[in-house]
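Student: Heads up: the sequence shown begins at 1 in full-length UniProt numbering, then just goes up one per residue. Here a beta-carbon is modelled for each residue, glycine too, at the ideal position from N, C-alpha and C. In this text, all values refer to a predicted model and were calculated from it rather than measured experimentally. Below you'll find the structure I mean.
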Amino acid sequence: MASDSYPSHEGRKKKSDECVKSKDKEADVLKVQVDIEELTASGHIALKQGDCEEALRCFKKAFKASIELKETRVQQACAFNLGAAYVEVGKALKGLDFLKRAQPGEKGERVADLQFNMAVAHEILGNHGQAAGHYLQAAQLYRSQGDGASEGDSCMKMSHCHLLLKDWTQAAQSFQRAGESYRMAGKLDSATMAYKEAGSHMLQSDDFTVDDIITVLTDCLELSNNIKDPELLGKVYNDLGLIFSQLKLFQEAAGCYERALPLASTRPSRLAVVLQNLGAVHNTLSQYRQALDYHRQAADLHGSLGSRRAQGRCFSNLAFALSQLGEHEEAAENYLHALQAFKDTDDYKGQWQTCECLGEVHFKLRDLERATLYYKQALGLLSKCKDSSSSVQERLVNKLSEALQHRLSLITPGKPQRCLGPRLHTQNRKAVLNGHRAKTEPQVSGAGSAEVSTGEPGKEEEAPVPDGEQAHTVTMGEAGDSQSPVTGSLTEQPGYRTVLPGANRNLNNHFEHPDPHYQNQDPSNHPVLAQQSENLYERIKPMTTQTNSETPLSESSEVSPTAASDNEETIPLLKKRKSQICTVM
């Protein structure tokens, strides 16, 4: 009996030890799990507070602790969080390595976030094509989850990748999809901005019709009524005005600028830009009398803000309007103000264009000596511009030749004769100059514009785009507002005299911050502006999931001239690259 009972007692003791060990092991596992949960929660809090280093420390400890467990799902979640934290601090390559360890399991929020974070990592590394692919997968997964806001964020990021790849069609389509997603999610302000961007970039692609663009702009205008922020709403209207201007729908553009005007009244820098654009579009509509006050107010505001180059463009716009109203002397005075502004900012393109305008005005005033002088100056300044075209040089040479010919035609032909003895009977003779009888007092026609040029207006030199500016130049040659030729011996010479390309200058689409210094920097030195088409105003205004985008009929900045692209400040593609963190438990 005793011998039989002994093994039974020993078995019970072993089982008891195993139970104790099992309980201890379970307690250790529970402790590790609690530690992981606490570390993960602390990491999330640190991220929300902007303390990325503390978040990284917490997620590292959580990942190391997860290795002790044999639960693959927990390890994947910790690797995901750690990878996202590395991406957040800019260590994209290391972050990508940890993100790859987080294998996509069943469909859910974590999988969509994983694709989004991998896209951010590739974007930081400059792999924009791969980044766009991951953003697309993230957008599709968010849509399957019914998360329209996150889908819109992914589409906005995807759009910026396509912009960097210069795929304008895909970029516009992605912006449009973002607008639809935001609209479904009830984020109407974000939807408005996305539609505005879509319309802006549609202009750069040949795959969209005017009706396609107008449809998007109509949606944007409809949704803009829901924007409560007056500053944001004013920017939207100004940018839409620029897009309508690009479409040559100037009445619609004027309506948008008029809506933006009261919304910008509290910000002088923004007000200056809206006034400048409104004056320029009235010039385009040949509403010169209405444009005068806008030009003068814009010039005063730009001057008070130190935006010298933008002020010069306003003077140029004002001078053009005055010239069209027949007030040539006052026009010449304002062109001189513009010329000085361009000299102050070392803007050679603005200088030669203004000199050409001055030559035109003095030609109409029959001051041929000054007209000749300014045409010569324009040619000299043109030689300092690297991007000058031969057609512009030819036009200036032709105008200079014409002015010189008219000067010579006013000189009586024949050798001078000395009056010895009785006076020669010359008082009844009327000198015939180039087949025309010379008039003692030549008359200048009242109002008008230069004769229509045979050259293509769209190929005229564009006005310069200062640093940080995005603007749109309107060439007046298409308006058909030809100026009346000077009467008398100054005969009309068709073929190359046009309304000058720089005369009705730049619609300005930037009104964020005025340049505190003279805006004399070369826009070609700025990568964002360099991506824009020379004939389009739009600017690339990327958005991230955590930051607001700034945007075109384009983005925006406060002081800028009136040509193809001054903003508002240039916004970097990613103000802050954001990743999304999922919870573990």
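To which residues of the same chain is His282 closer than 6 Å at the C-beta, ignoring the five residues directly before and after it?
Tutor: Gln290 and Ala291, listed in sequence order.
Student: Evaluate contact between the region 328-338 and the region 353-367, counting only Cβ atoms and requiring at least three cross-stretch pairs below 8 Å.
Tutor: Because the criterion of three Cβ pairs below 8 Å is met, the region 328-338 and the region 353-367 touch.
Student: Are the beta-carbon atoms belonging to Val87 and Val111 less than 9 Å from one another?
Tutor: No; because the gap between Cβ atoms is not below 9 Å, this pair is not in contact.
Student: Span of the alpha helix (DSSP H) holding Glu327?
Tutor: First-last for Glu327: undefined, no H or E at that position.
Student: Between the C-alpha atoms of Asp212 and Phe244, what's the straight-line distance to the nearest angstrom?
Tutor: Whole-angstrom Cα-Cα distance: 13 Å.
Student: So Cys256 and Leu232 are in contact, right, with Cβ under 8 Å, and what is the actual spacing, rounded?
Tutor: Contact flag wrong, Cβ pair sits at about 14 Å.
Student: Buried or exposed: where does Gly234 fall if 16 or more other Cβ atoms within 10 Å of its Cβ makes it buried?
Tutor: Counting Cβ neighbours within 10 Å, Gly234 comes out buried, since at least 16 surround it.
Student: DSSP state of Lys64, grouped into three classes?
Tutor: The answer is helix: DSSP assigns Lys64 an H, G or I state.
Student: Rounded to the nearest angstrom, what separates Lys64 and Arg308 at their Cα positions?
Tutor: Using only the alpha carbons, I get a separation of about 59 Å.
Student: If you measure between the beta carbons of Ser388 and Leu382, is that distance less than 9 Å?
Tutor: The answer is yes: Cβ separation under 9 Å.
Student: Select from Lys166, Ala102 and Ala171 the residue whose C-alpha is nearest the C-alpha of Tyr135.
Tutor: The shortest C-alpha separation from Tyr135 is found at Ala171.
Student: Helix or strand or just coil, what does DSSP make of Leu99?
Tutor: Of the three classes helix, strand and coil, the one that applies to Leu99 here is helix, per DSSP.
Student: DSSP three-state call for Phe250: helix, strand or coil?
Tutor: Three-state result, Phe250: helix.
Student: Can you give, in chain order, each stretch of the alpha helix (DSSP H) that sits fully within the region 155-234 and has at least 4 residues?
Tutor: Here the runs fully enclosed are 168-185, 188-202 and 210-224.
Student: Please report the residue range of the alpha helix (DSSP H) in which Thr345 lies.
Tutor: Neither: Thr345 is in no alpha helix (DSSP H) and is coded neither H nor E.
Student: Using the three-state DSSP reduction, which class does Glu333 fall into: helix, strand or coil?
Tutor: Here Glu333 sits in helix by DSSP.
Student: When we look at the beta-carbon of Glu369 and count the other beta-carbons within 10 Å, is it buried (16 or more) or exposed?
Tutor: Counting Cβ neighbours within 10 Å, Glu369 comes out exposed, since fewer than 16 surround it.
Student: Under 9 Å, do Thr266 and Ile227 count as touching if we go by C-beta distance?
Tutor: Result no, Cβ atoms of Thr266 and Ile227 do not sit closer than 9 Å.
Student: State the Cα-Cα distance for the pair Gly126 and Ala298, rounded to the nearest angstrom.
Tutor: Answer to the nearest angstrom: the Cα atoms are 41 Å apart.
Student: Mind checking whether Glu123 and Val89 have CB atoms under 9 Å apart?
Tutor: It is not a contact, given that the beta carbons lie outside the stated cut-off.
Student: Under 6 Å Cβ to Cβ from Gly83, same chain only, skipping five residues before and after it: list those, please.
Tutor: Excluding residues within five positions, the ones whose Cβ falls inside 6 Å are Gly95, Phe98 and Leu99.
Student: Between the Cα of Glu68 and the Cα atoms of Arg57, Gln276 and Ile36, which residue gives the shortest distance?
Tutor: The shortest C-alpha separation from Glu68 is found at Ile36.
Student: So what does DSSP say about Gly50, is it helix, strand or coil?
Tutor: If DSSP states are grouped into helix, strand and coil, Gly50 belongs with coil.
Student: Going by DSSP in three states, Thr266 sits in which element: helix, strand or coil?
Tutor: If DSSP states are grouped into helix, strand and coil, Thr266 belongs with coil.
Student: Can you tell me whether Ser307 is helix, strand or coil according to DSSP?
Tutor: The answer is coil: DSSP assigns Ser307 none of H, G, I, E or B.
Student: Taking the alpha carbon of Ser323 as the point to measure from, which residue in Lys364, Asp147 and Ala55 has its own alpha carbon closest?
Tutor: Closest by alpha carbon: Lys364.
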